[in-house]
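Those protein sequence lines, which keep their order, are chains F and X. In this text, residue positions in the first sequence follow our numbering: the first is 192, and each later residue adds one. In this text, residue positions in the second sequence follow our numbering: the first is 192, and each later residue adds one. Positions of the beta carbon are idealized from the N, C-alpha and C atoms, including for glycine.
Number of protein chains: 2
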Amino acid sequence: MSARRERSHWGWGWADKWLDRDARAGMGAQVGAMLGFEGLSPEEPAPLDAIELAAPRVDAPEIDAPITAEPAARIRHTYGKSYRDLVRGFAGDYGAAPDLVALPESEEQVARILAWASEARVAVIPFGGGTSVVGGVEAALDRDHRAVLSLDLTRMDRVLEIEESSMSARIQAGARGPRLEEQLAERGLTLRFFPQSFEHSTLGGWIATRAGGHFATVYTHIDDLTLATRTLTPRGPMETRRLPGSGAGPSPDRMVLGSEGTLGVITEGWMQIRPRPTFRATASVRFDDYDKAVHAVRALSQSGLHPSNCRLLDSREAALSFVANDGSSVLVLGFESADHPLEPWMERALELAEDHGGECPDGATYGTAGEKASGGAAGTWKQAFIEAPYLQNTMVSLGVIADTFETAIPWDRFEALHTAVIRNVRDAMKRACGRGSISCRFTHVYPSGPAPYYTFLAPARRGAELEQWAEIKKAASDTLIAHGATITHHHAVGRTHKPWYEAQRPALFGDALAAAKRTLDPKGVMNPGCLI
Amino acid sequence: MSARRERSHWGWGWADKWLDRDARAGMGAQVGAMLGFEGLSPEEPAPLDAIELAAPRVDAPEIDAPITAEPAARIRHTYGKSYRDLVRGFAGDYGAAPDLVALPESEEQVARILAWASEARVAVIPFGGGTSVVGGVEAALDRDHRAVLSLDLTRMDRVLEIEESSMSARIQAGARGPRLEEQLAERGLTLRFFPQSFEHSTLGGWIATRAGGHFATVYTHIDDLTLATRTLTPRGPMETRRLPGSGAGPSPDRMVLGSEGTLGVITEGWMQIRPRPTFRATASVRFDDYDKAVHAVRALSQSGLHPSNCRLLDSREAALSFVANDGSSVLVLGFESADHPLEPWMERALELAEDHGGECPDGATYGTAGEKASGGAAGTWKQAFIEAPYLQNTMVSLGVIADTFETAIPWDRFEALHTAVIRNVRDAMKRACGRGSISCRFTHVYPSGPAPYYTFLAPARRGAELEQWAEIKKAASDTLIAHGATITHHHAVGRTHKPWYEAQRPALFGDALAAAKRTLDPKGVMNPGCLI
C-alpha cells in the first residue's frame, strides 16, 4: 500500500486533487465563457476542524469491535458524494452525522455489531466506499431507532482465494478497486470492473448497488461478474454456492444484488475474473447527425460483436470532454481480448458505423500487451472520465449546479425520452436558475436499448442551490418515469430515487421485498429508509 | 395451425411417434447388444379408456372460465414427463389426477380461477406444457387443500406485440415453441430458444423453471432473454417495466424467473428476439482424451468467442448418438450470426481446440440463409437431440430405466465431481439393477464452469422400477450436492429435487422466499409442495 493519502472530507476523491483558488477561478472563466454563466468566483469549503457536531446519541458499546465516536470519522461518514452531499459538506452542515462509526476487521466483529445494534435499536448503514450519489449511505434517524452507526468495511479488503481454472476469486467486500486489482495483478489477473468511482468504492458497494462497470455490452453490471455472495444478516450468514449457472429456484444472489444494505452486510463475493487483455483495438467515429449515430449504436448492440467500449457522446458532451468541438457526435469504440487479435471484430464494427453515416478517417488503432492503444479521442475521453467527478468539487466552489443522472430505455422509446429530457431539464434549469446546459452519452448498450447518461450544469444562487437542484432533479426523474425509462441503470435507488422507484417497481414486488427484509432483519436496523 | 395431432397421454411427445411392437423389439435387441441388458421385450401402456379415476373432490365452480372434470383432461394433466411419470402413466396409475382442469383464454379468466381457488381452498398447479421432469406439475393433495386444479394456459398463445427496433416481443405465456416461432417468423424474427422440449413446452413454463435453451454460451437460460414479465398472483397482477438493463433494486423479474408457479401465474413476457441468422458455421472436433477435450472447452468458454453451440459428448454419449464409435469424445461447435461471416470466429475456435489435442480433419462447414450448415456429426447430433426423449417411451416399454440429470459446477471441481458421479451412479445401478450405463455431455458452458448433462440406462425389474430408479437418483443427487454442484442447471427443482435444493440454497434465503410467497399468495394455493 502506498503512503497515506487523504480523501477529501466533503468532496469527491483525493484531497490533493483540490485545485487552488486561481485554478478554480480559471475554470470558472472557462465554464462561464462556454456556457454563458456570469460572475463565477470560487469560495472555500468549511474546514474540517471548524465543523461542529452534536454529541452522539448513544455511547460506543463495549464489544470486541473497533467503534469510534471521533468527530473526524463521523464527519467523513455523514454523506455520500452526490451534488447535494457536496453542497452540504462544503457549507459545513453535518447535522446528519452518524453517532458512531465502526471499522470492523473481521466478519465476527460485524456479527457482534449487528447483534448489538438489533438489541439497542441502532440503525446500521453499510458505508461501502461512501461514493453513493443517491443518498444510499446517509444516516437519517427515524422514530424506530435511537442512534445511527455507519459501518465501514474497508479494513476487510483482501483477496482471500484465487481459483485460476475457473477464473474465480473470493474477495472481501471492503476491498476498493485498486486494492483488489493489485492483489489480482500479482497473478496476471483482473476483475476489469471500472466504474467511475473505481478508486474509492468497494466490491460490496458495487454488489449492493448493482454498479455498472467497464464493459459496455454483455458484462455491464457487477451482477454479470458475481458468482456467489456471502451476506451477514442480523439473523446470521447467508452464503450462496459458487456456481457457473444454477437454475435452482429464483437466484439468491439476485436478491442480494441491488439490496443496498437493507437485508444485511455483504462480506464476500466470488467474482468472475479474467486474464489481462493482450489485444486491444480502439476507434473514434464521428457523426454529423445524432440520430444516425444512435442508429449506428443500435446496430452495433444487435450485431453480436460485443464491443467492450461503445460510448456515444452527443455533440455537447464531446465538446465538454474536449473530444470534438465541431458539433459532431463521437462514438468511442473498443474491443479487447486475452485470446485473439481483434481486426475482424473492429473492421466489421466500423463498417456498420460507416453504413450509418459515421466517419473514421484515421481508422482503428490496434495494440498488444503493455502498449496503450488509446487512439486519439478514446484516450482523451478516458482520462476525462476518471477526472470528471473532481470537476464537481470545483463547480460547487464556483456556485454551479453540476450533476448527472442516468437511465435505460428500449430503443423505440429513446427518441421521445431524450427529446423530453432535454426539454424538461432545460425548462427546469431556466425556471430555477435562469439558464443551464445538458449533455448526454451512452455508457452501456443492450440489444433492446441504451443506457443514456445525462450531465447538467446551471448557475446556482448561493444558499439556494439545493432547492434549485431539487427542482431540476424532479423534472428529470418525473420525465424518466413518465416515458417508461428506469430511475437508475447503475447509480442505485438509495433515498433520493425512492419516490420514483416506488412508482416504477410493481407494488406487489415492493411488498414481497419488504417481507423478505422483515425475515432477514426482524428489528429493521439495516439501512432504514433506503430502497424499501 | 396444423390439423389436430394428439399428444401421448402417458409418454413423451406426439402419439404418432409411438413405435410399433416390432420396432420396439428391434430397439430392445440393439440396446441389449450395446449395453449387455438381457431379455428386453416390449410391453404395452394402459390404454386411455381403461384408466379409472376417483370422482373429483370438488365440483367445477360456476364462474366464467372453462373448467372441466372430464377424465381424459384430468389424466393428461396428472403428470409431467419424468421417468417416474412415464412409468406410472404406462401402468395406468393415475391416482394423483387433479380434480379439475382449467383452460382459460384470458387473464380475466385466470383471475377468476385464482380468486375462487383462494376462497375454496383448492390448490392451483400451473401446468405449462406439462413437460416437467422434476414433478413440478404434479398435483399432490395436502392437508391445507380440499382439491387440486390444473391450470393449462396453452389457449393463451399469441404474440401480442412485436417491437422491431428493440428486437422485443410481448408474448402470452401459454405459447409453445412452434406457435410463438411461427408468429415471429411472419416478420423474419425468432426467439431462438430451443430447449429439448421446444415442441411441447410453453414460454411461461420456461420462465417459471429458468429453462436452458439454444445458446451454449452467454444467453444460456431464458433469464437472459427475458426483458419483463407479467404475473397474476392471487393478490393481483405484478408487471415489470420493459427495460434493457435496470439497476433499480433487486430485479423483480429475477424473483419470477425460477418461481415454478409458487408465486402466481406468469401470463406474459417481453422477450429479446432477433433476426433469423444468415451466417452459420459448424464443426465437429474429435479428441482421443476426454480430459484434453474438457480443457479445450474450458479454453473456449474463456476465449470471448461466444460460440452458439459448444457441446462436448463423452465417448459413450457420442456412441449412443451415432456420432462416433471409436472411443473418441466429440465437441460439436457452432457459430451463428445475422450480421457477419463467421470464419475468423470459427478458425480461432478450431485453433484453440487443436492446441488442446482436438482433431477436425474435415474442417468447418459454413452456410448462409436457407442452406443448412449441418456438418456431419453436428447434424446427426441435432436430430438425435430432438428425438431423444421419445427413446424414453420405448425404454419404459422395454423395462429399461432411462433418465437424465444435469448440473453446473466450477471447472476446478468438475473432474472430482465427474469421477464421483460416474462411480456412484454405476455403483447404484449395480446394486439396484445389476448393471447399467452412464454417459455425459456438456449442454452449456461458462467461463467459470460447465453444465454437464448425464444420461443413465439400467435394466429394470418390472414393477420395481420406481424403487430402483429412486436409489440411482438419490446416489446421483447426493453426489452433486456433496461435490458443490447444483441440483439443477435448467431442469428446475419441482418436488423431486426439493430435498437437495433445500441443502443447497441458503436457509435464510428459503425463509425470505417463503415470506415473499406468503405476501403474494396469502392462502398458499399456488403449486403447494413445489420448490418452497
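Following the DSSP letters along the chain, one finds Arg421 of chain X inside the beta strand (DSSP E) bounded by residues Thr417 to Thr424. Contact annotation: Thr408 of chain F and Gly320 of chain F have beta-carbon atoms that are not nearer than 8 Å. Shown here, Ile629 of chain X sits in a strand according to DSSP, grouped into three states. 8 Å or more divides the Cβ of Ile316 of chain X from the Cβ of Gly449 of chain X. Residue environment: Glu459 of chain X is assigned as buried (16 or more neighbouring CB atoms within 10 Å of its CB, all protein chains considered).
Within the segment 638-654 of chain F, those residues whose Cβ lies closer than 9 Å to any Cβ of chain X are, in chain order, Pro638, Ser639, Gly640, Pro641 and Ala642. Contact check between the segment 340-357 of chain F and the segment 288-297 of chain F: three or more CB pairs, one atom from each, fall below 8 Å, which counts as touching. Annotated three-state conformation of Cys501 of chain X is strand, per DSSP.
Annotation: the continuous alpha helix (DSSP H) that includes Asp482 of chain F extends over Tyr481 to Ser492. Here the alpha carbons of Asp276 of chain F and Gly590 of chain F stand approximately 14 Å from one another. Assignment of Asp594 of chain F by DSSP, reduced to helix, strand and coil, places it in the strand class.
At least 8 Å separates the beta-carbon of Arg445 of chain X from that of Ser520 of chain F. In the DSSP annotation of this structure, the continuous segment of the alpha helix (DSSP H) that includes Val612 of chain F starts and ends at Trp602 to Cys624.
Chain X places a beta carbon closer than 8 Å to that of Trp602 of chain F, counting this residue as a contact. With respect to the 8 Å criterion, His635 of chain F and Val325 of chain F are not classified as neighbours on the basis of their beta carbons. For Met446 of chain F, the enclosing alpha helix (DSSP H) starts and ends at Asp444 to Val447.
Gly440 of chain F sits in coil when the DSSP states are folded into three classes, being neither helix nor strand. A Cβ-Cβ separation of about 5 Å places Thr420 of chain F in contact with Val447 of chain F under the 8 Å criterion. Unbroken alpha helix (DSSP H) runs of no fewer than 4 residues, entirely contained in the segment 631-712 of chain X, are found at 656-673, 689-695 and 698-711, following chain order. When X:Met586, X:Met347, X:Gly283 and X:Val456 are compared, the shortest CA-CA separation from Met717 of chain X is found for X:Val456. Chain-ordered, the chain F residues with CB closer than 7 Å to the CB of Ile678 of chain X read Ala439.
Your pair Val476 of chain F and Leu504 of chain F does not check out as a contact, with CB atoms roughly 11 Å apart and the cut at 8 Å. Going by DSSP, Ala302 of chain X is part of the alpha helix (DSSP H) stretching over Glu298 to Ala311. Counted as a single uninterrupted DSSP element, the beta strand (DSSP E) harbouring Ile353 of chain X occupies residues Val350 to Glu354.
Apart from sequence neighbours up to five positions away, the residues of its chain that approach Glu656 of chain F with a beta-carbon distance below 7 Å are Val278 and Ile592, ordered along the chain.
Against Arg383 of chain X, chain F offers no close residue; the least beta-carbon distance is about 12 Å (beta-carbon pairs closer than 8 Å). Judged by their CB atoms, Leu371 of chain F and Arg361 of chain F are not nearer to each other than the 8 Å cut-off. In this structure, Ser639 of chain X sits near Leu418 of chain F, with a CB-CB distance shorter than 8 Å. X:Arg198 is the residue among X:Gly438, X:Pro601, X:Arg198 and X:Leu244 whose C-alpha sits nearest the C-alpha of Lys272 of chain X. Taking 8 Å as the upper bound for CB-CB distance, Pro697 of chain X and Thr431 of chain F are in contact here, some 6 Å apart. Against chain X, the CB of Phe389 of chain F has no partner CB under 8 Å away; the residue lies outside that interface. When Cβ-Cβ separations below 8 Å define contact, Leu423 of chain X makes no contact with chain F. Residues of chain F whose Cβ lies closer than 9 Å to the Cβ of Asp530 of chain X are, in chain order, Ala490, Gln493, Ser494, Gly495, Leu496, Arg539 and Leu543. Put simply, the backbone Cα of Leu332 of chain F is about 22 Å away from that of Arg426 of chain F. Contact between the segment 664-675 of chain X and the segment 600-610 of chain X is established, with three or more Cβ pairs separated by less than 8 Å. Counting the other CB atoms within 10 Å of its CB gives Thr585 of chain F a total of 16 or more, which places it among the buried residues.
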